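Chemist: Residue numbers (my numbering), protein chains in the order written: chain Y, 1370 to 1494; chain F, 3 to 524.
Don't be surprised by glycine CBs; every beta carbon is placed ideally from N, CA and C.
Because the structure is a prediction, the values reported are computed rather than measured.
What follows is a single structure, and I will ask about it in a moment.
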Amino acid sequence: MTKKIEAIVREESLDAVKDALRAIGIVGMNVFEVRGHGRQGGVELAWRGTTYHMDLVPKMQINIVLSDHNVERTIETIRQAASTGKEGDGIIFVYPVDDVIRIRTGERGHQALMYPDDIDTRRSG
Amino acid sequence: MTHIPSHRLLVPGLVLVLMLVLTGTASAQGHDPGTIELTTAINILWMLLAGFLVFFMQAGFALVETGFTRTKNVAHTMMMNLMVFCIGALGYWVVGFGLQFGGVNFTFPEVGTATAWSFAPTTLGDWGNQLSHWLIRIGQFGIAGGSGFMLEGLSPVSAILAFFLFQLVFMDTAATIPTGAMAERLKFSGFCLMGLWVAMFIYPIIGGWVWGGGWLANLGRAAGLGHGAVDFAGSGVVHMIGGSIGLAGAIVLGPRIGRFNRDGSANAMPGHNLPMGVLGTLILFFGWFGFNPGSSLSFVGSGRDLAVTAAVNTLLAGAAGGVSAMLAMWLFGPGRRPDPGLSVNGVLAGLVAVTAPCAFINSQAAVLIGLVAGIIVCLATFALERWHIDDPVGAVPVHLFNGAWGLLALGIFASGNPATDGWNGISGPVTGLLYGDSGQLLAQLIDIGAILITAGGLSYVVFRVLNALHLLRSEPAAELQGLDVPEMGMPGYSTADVRMPGGRLTQQVPAISTSIAVRVGK
C-alpha cells in the first residue's frame, strides 16, 4: 500500500535529485546529513604529510513516503539524477509503511499522502 | 626664453628644501639639538609602530594554533593564546625586562684590540646611566641583568618605555610558540606556570645573552669570534627559544591519546579549520614586517638601510619557504598533493629562518634560505612523527629547526652590508663564511648550542617537575572529551541553539503560534 524510499546519495547530488523529484511531482521529503560507507569502505585523505583513511564519508539521505504504484518511477528518477558512474554514488532502500497520519486533519493512509499537483494528479491529468 | 610661472618652481623648491633637511638629519647626527630630537623621535616612532605590528602576530598565532587543532579544544587553545600575552606581559614587567636588559647600557672595559663598549642602542638617544647594572657578570661575560625591574626609575624616559614595549611583544611571540606544540593535552594550570617560566626567566636570560649585551653578544670582543653571536630579529632569541621549550614540553607531555599506534604507525589528527590556519599565517606574515624591519631600532641613516633590506628579504624568504614546502609535498609527499597544512608551515619556516640574517644578506641568499627552510620544515615534521613526538601544529619544525637554520645561515651568507659596520663593538661589517669570516659561523654555532641546551634542557627539567606534581598533562577522560568543557566550562562552538527548559511554546500562549503561522503565509 504505502512505501518508504530511503535514498543515500552524494552531498553534491542532492540538488539535482531534489529538482528531479519535484519535476515528477514528489512534493514531500525529509533530508538528513549522514555519514557512512559501502563496499569501497571510505576515502584516503592527507593532513600535514600524513595520509589517513576516512571510513565514514559524509552523505545525504533523502526519505520519501509514497504510494506503492509510484515507487518504481521515483527510484528511476533518483538513480538518473544521482548517478555519476563512479564508486560512492550511493544506495536506495525501500521499506513497507504500516500507516500514515496527517497531524492537522487526521487523514490516514493514501489520503494523508495526497497533495494538490502531486505525482498522482499529474499522472491522471 | 620660455617664461616659467613662479608656482611651478614651488614643488621642486620644496623637494630641494626637504632633501637638504633630510640629508642634514643624517649627516648632522649628534650635532644640532633639534636634529637629534627629530632623529630620536623618528626612530622611536618606527620602533613603536613595528612593535604594534608584532603585537598583532598574537592574533596570527591564535588562529594558526586553533585552526590546526580539533573542534573540542578550540576554547582551550584560544584561551591559552589570549592569556599567554596577559600573563607574560605582567611577568616580563616584574622581572623579565630587568634580567634581559638591566645591563645593556653597562660599558664593558676594553679587551684585547677591542675598545670599551656599551650594547645599548645609540639610535634611541642617550640613556644616561639607566639599565647599566648586571646581576651576574663574569668579567666580559654578562649572565643576567640587574636593573629596571617593574620599570623602576625608568618611567620618565620615553625611549626606554618604547624599547620595553618592543621587547615585550617579542618575548610574547616566543612564549606563545610552545602552546602550539603542547596543545590539546596541556592542563590550563600548567600552561599558566609555563607562561610565567618563559616570560620571567628563560626567555629574558637567554635573550639578554644575545641582545642585552650578554656573553654570547660579547664573543666577538672578548673571544675574537666574528661580531659575537648575531641575531638581527630573533631566529635564535625568539623562535629557537620558543621552539626548544615547545620540544621539551611535547616530549614531557607525550603524544595525544590515539596519535600513535602500538605498531609504531602514526594517525593523522586533522585540524578543524584550515581557513583559520591560512588567515593566521597571513597575519603572521604581515606582523613579520614589524618583527624584522623594526629590529633596526632606527629609521635614519644606516637604520633605514637595515630596515628596508630586512623588509625585502623577509618578503622573499617567506614566499620561497611556502613554494618549496608546497612543491616538496606535491612531488614527493605521501598524498602527492600541494598539502595546505605543510605549505602554511613552509611560509612560516621561511620567515623564521630569515629573521636572524635578514639585514645582513642579499636577496639571492634570502630566497635560498627560504627554499631550504621549506624543505627543512617537511623533513623535520616527518622526523618528529618517526620519533613519536607529537606536535599538533608543527611549532618545533617551524621555530626550532628553522630558527637554528637562520642562525647558521647568517654565519654562512652574511655579505658585509655596510650598514652593519661596528656591530657588537667590532669594526667592519658582519660577514659570513662565504665572505671570509669563519669566526662568525663559530659564534653562531655556539649561540645555537647555548639556546638548545639552556632553553630546551632547563625547560625539560621544569616540565618534568610540573608533570610529577600533576600540573602538566590533562586527565585522559578530559582529553578524550576535549579540554573545552572540562577545563574552560564551555564548548568553543555552540553547534546548535540547544533547547533549554522553559524555552518552548506552551498551551498558555496559543495566539503566538497562530500569528507565526499567519506570518509565514499559511
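Could you check whether the Cβ of A268/F sits closer than 7 Å to any Cβ belonging to chain Y?
Modeler: yes
Chemist: Whose C-beta lies closer than 7 Å to the C-beta of N469/F among residues of the same chain, with five residues either side of it excluded?
Modeler: For N469/F, where only same-chain residues beyond five positions count, the Cβ hits under 7 Å are V254, R475.
Chemist: Quick one: does Y1421/Y have its CB under 7 Å from some CB of chain F?
Modeler: yes
Chemist: Mind listing which residues of the segment 327 to 344 of chain F have their C-beta closer than 7 Å to chain Y's C-betas, in chain order?
Modeler: Going along the segment 327 to 344 of chain F in chain order, one finds M331, G335, P336, G337, R339, D341, G343, L344 with a Cβ nearer than 7 Å to chain Y.
Chemist: Name the chain Y residues whose beta carbon is nearer than 9 Å to that of P257/F?
Modeler: Under the 9 Å cutoff, chain Y gives no residues; its nearest Cβ is about 13 Å from P257/F.
Chemist: Any residues in the segment 391 to 416 of chain F with a beta carbon nearer than 8 Å to a beta carbon of chain Y? Which ones, in chain order?
Modeler: G396
Chemist: Just checking my contact of A452/F with L218/F at CB under 8 Å: how many whole Å lie between their CB atoms?
Modeler: 6 Å
Chemist: Considering only the alpha carbon of each residue, which of A330/F, A406/F, G430/F lies closest to D233/F?
Modeler: Of A330/F, A406/F, G430/F, the residue nearest in Cα terms is A406/F.
Chemist: Please confirm if T383/F has its CB atom under 7 Å from at least one CB of chain Y.
Modeler: yes
Chemist: Using a Cβ cut-off of 7 Å, which residues of the segment 1390 to 1423 of chain Y contact any Cβ in chain F, in chain order?
Modeler: A1415, W1416, R1417, G1418, T1419, T1420, Y1421
Chemist: On the DSSP bridge assignment, give the partners of W136/F in chain order.
Modeler: G147/F
Chemist: Can you give me the C-alpha to C-alpha distance between I138/F and V239/F, rounded to a whole angstrom?
Modeler: 19 Å
Chemist: Can you tell me whether P206/F is buried or exposed, with buried defined as 16 or more other CB within 10 angstroms of its CB?
Modeler: buried
Chemist: For H472/F, does the count of other Cβ atoms within 10 angstroms reach 16, so buried, or fall short, so exposed?
Modeler: exposed
Chemist: Please name the residue in S297/F, A177/F, G248/F, G282/F whose C-alpha comes closest to that of C360/F.
Modeler: S297/F
Chemist: Count the CB pairs spanning the segment 74 to 89 of chain F and the segment 161 to 168 of chain F that are closer than 8 Å, and state whether there are at least three.
Modeler: Judged by Cβ distances under 8 Å, the segment 74 to 89 of chain F makes no contact with the segment 161 to 168 of chain F, as fewer than three pairs qualify.
Chemist: Over the uninterrupted alpha helix (DSSP H) stretch that includes E481/F, give me the two end residues.
Modeler: 478 to 483
Chemist: Since I believe G324/F is in contact with G352/F (beta carbons under 8 Å), could you give me their beta-carbon distance rounded to a whole number of angstroms?
Modeler: 7 Å
Chemist: Taking 8 Å as the threshold, find out whether the segment 90 to 107 of chain F comes into contact with the segment 138 to 158 of chain F through three or more Cβ pairs.
Modeler: The answer is yes - the segment 138 to 158 of chain F touches the segment 90 to 107 of chain F, with three or more Cβ pairs under 8 Å.
Chemist: How is the beta strand (DSSP E) around P1465/Y delimited, first residue to last?
Modeler: For P1465/Y, the enclosing beta strand (DSSP E) starts and ends at 1459 to 1466.
Chemist: Using beta carbons (cut-off 7 Å, strictly below), is P277/F in contact with chain Y?
Modeler: no
Chemist: Could you give the C-beta distance for G1418/Y and L344/F, rounded to a whole number, given that I count them as a contact under 8 Å?
Modeler: 6 Å
Chemist: How would you label F334/F, buried or exposed, when you count the other beta carbons within 10 angstroms and need 16 or more for buried?
Modeler: Only exposed fits F334/F, as fewer than 16 other CB atoms lie within 10 angstroms of its CB.
Chemist: Find the nearest neighbour of I1472/Y within the set I1433/Y, G1410/Y, L1482/Y, judged by alpha-carbon distance.
Modeler: L1482/Y
Chemist: Can you pull the DSSP bridge partners for R1477/Y?
Modeler: The secondary-structure analysis by DSSP pairs R1477/Y across a beta bridge with I1470/Y.
Chemist: With DSSP run on the structure shown, which of helix, strand or coil describes E1445/Y?
Modeler: helix
Chemist: Is G148/F near the ligand FAD, in the sense that its beta carbon is under 6 Å from a heavy atom of that ligand?
Modeler: For the structure depicted, the ligand FAD is absent and the ligand set is empty, with no information on it obtainable.
Chemist: With a threshold of 7 Å between beta-carbons, can P529/F be considered close to chain Y, or not?
Modeler: The shown model of chain F, from 3 to 524, leaves out residue 529/F, and the question about it has no answer.
Chemist: Using a 10 Å radius around the Cβ and a threshold of 16 neighbouring Cβ atoms, would you call S29/F buried or exposed?
Modeler: In this prediction, S29/F scores a pLDDT of 48, lower than 50, which makes its location untrustworthy; no coordinate-derived value is stated.
Chemist: What's the call for M492/F, buried or exposed, on a 16-neighbour Cβ count within 10 Å?
Modeler: exposed
Chemist: Please classify S365/F as buried or exposed, where buried requires at least 16 neighbouring CB atoms within 10 angstroms.
Modeler: exposed
Chemist: Should the segment 245 to 259 of chain F be called in touch with the segment 182 to 189 of chain F, which here means at least 3 C-beta pairs below 8 Å?
Modeler: yes
Chemist: My output table needs one value for K524/F: the three-state DSSP class, helix, strand or coil.
Modeler: In this prediction, K524/F has a pLDDT of 38, which is less than 50 and means its spatial position is unreliable; what the coordinates show is noted afterwards. Correct three-state label for K524/F: coil.
Chemist: Cβ of P272/F less than 7 Å from any chain Y Cβ?
Modeler: yes
Chemist: Which bits of chain Y does E67/F rub up against, with CB to CB less than 7 Å?
Modeler: What E67/F touches in chain Y: nothing, since even the nearest Cβ is about 13 Å away.
Chemist: Can you tell me whether DSSP reads I259/F as helix, strand or coil?
Modeler: Here I259/F sits in coil by DSSP.
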